[in-house]
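S.K.: Residue numbers (my numbering): 723 to 915.
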Ligand code: GAR
């Protein structure tokens, strides 16, 4: 992906469903001079998502869409994305599956963070499954979103050691810390910075 010009940052939307710790780290990153992106829109399917509070604190536009009817929700999101001239979408703990149609519209422009070393442990309950299988390592992946779940081109990965004493909660926490560093690095990478 190329930067359109040297001064304007790429307008980015972050999609969340819950805590929004990745959103927070992306907002902090976006405010650095070296960052190629600005965060101009936060989308949530969940009105109670804690992450929405970061948006409020940083005065970023927030929009909530009910995914009971995904088709309607996505149509509204597309309008919002166009209105705000969004050029990059970062899924950050967004727990809804996006339709093939939506992905096609923004081909190559949607990133996701996944808490495993893909292609291992696609989907949910990644930490439980990694521990149960006695994996020595797990980690996180930043990848491009395609219509196949958690299968798009891998931008960056970070390995995290699983200790014998690690519970699902402990491992999730360790991996999350790495996610916060990896997402900004992956964004720098896709813009060749
Ligand atoms: C993160 O660990 C992210 O990798 C995961 O949800 C968590 C969200 O945390 N995403 C998925 O499992 C997507 N399949 P956050 O809301 O604090 O950023």
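Yeah, the Cβ is synthetic: ideal placement off N, Cα and C, and Gly gets one too.
Residue 812: beta carbon under 7 Å from a heavy atom of the ligand GAR?
M.R.: Not under cutoff, so the answer is no.
S.K.: Under the assumption that residue 764 contacts residue 792 (Cβ atoms under 8 Å), give the Cβ distance between them as a whole number of angstroms.
M.R.: In fact, because the Cβ distance is near 19 Å, the residues do not count as touching under 8 Å.
S.K.: Measuring straight from C-alpha to C-alpha, what distance separates residue 879 and residue 776?
M.R.: About 26 Å.
S.K.: Quick one: is residue 739 buried, meaning 16 or more other Cβ sit within 10 Å of its Cβ, or exposed?
M.R.: Label assigned to residue 739: buried.
S.K.: At which residues does the alpha helix (DSSP H) containing residue 735 begin and terminate?
M.R.: Taken as a continuous stretch (DSSP letters only), residue 735 belongs to no alpha helix (DSSP H), being part of the beta strand (DSSP E) at 732-738.
S.K.: Exposed or buried, what is residue 834 when buried is set at 16 or more other beta-carbons lying within 10 Å of its beta-carbon?
M.R.: So residue 834 counts as buried.
S.K.: Relative to the C-alpha of residue 848, which candidate in 742, 869, 897, 780 has its C-alpha closest?
M.R.: Ranking 742, 869, 897, 780 by Cα distance to residue 848 puts 897 first.
S.K.: Is residue 808 near residue 867, with beta carbons less than 8 Å apart?
M.R.: The answer is no: Cβ separation not under 8 Å.
S.K.: For residue 806, decide whether its Cβ has a neighbour in chain C, counting only Cβ atoms nearer than 8 Å.
M.R.: Annotation note: the requested chain C is absent from the structure, which comprises a single protein chain.
S.K.: What is the rounded straight-line gap between the Cα of residue 726 and the Cα of residue 905?
M.R.: Any reading at residue 726 must be qualified, since the residue scores a pLDDT of 46, below 50, and its modelled position is unreliable; the value itself is stated next. Those two C-alpha atoms are separated by around 21 Å.
S.K.: Can the beta-carbon of residue 757 be found less than 8 Å from the beta-carbon of residue 733?
M.R.: No; because the gap between Cβ atoms is not below 8 Å, this pair is not in contact.
S.K.: Would you give the residue range spanned by the alpha helix (DSSP H) that residue 810 belongs to?
M.R.: Residue 810 -> not in any alpha helix (DSSP H); beta strand (DSSP E) instead, spanning 810-813.
S.K.: Using DSSP with H/G/I as helix, E/B as strand and the rest coil, what is residue 859?
M.R.: Strand.
S.K.: Going along the chain, which unbroken runs of the beta strand (DSSP E) with 3 or more residues stay wholly within the segment 761-790?
M.R.: Taking only runs of at least 3 residues, the beta strand (DSSP E) segments lying wholly in the segment 761-790 are 783-786.
S.K.: Thinking residue 888 and residue 836 are a contact (beta carbons under 8 Å), I'd like their distance in whole angstroms, please.
M.R.: In fact, because the Cβ distance is near 19 Å, the residues do not count as touching under 8 Å.
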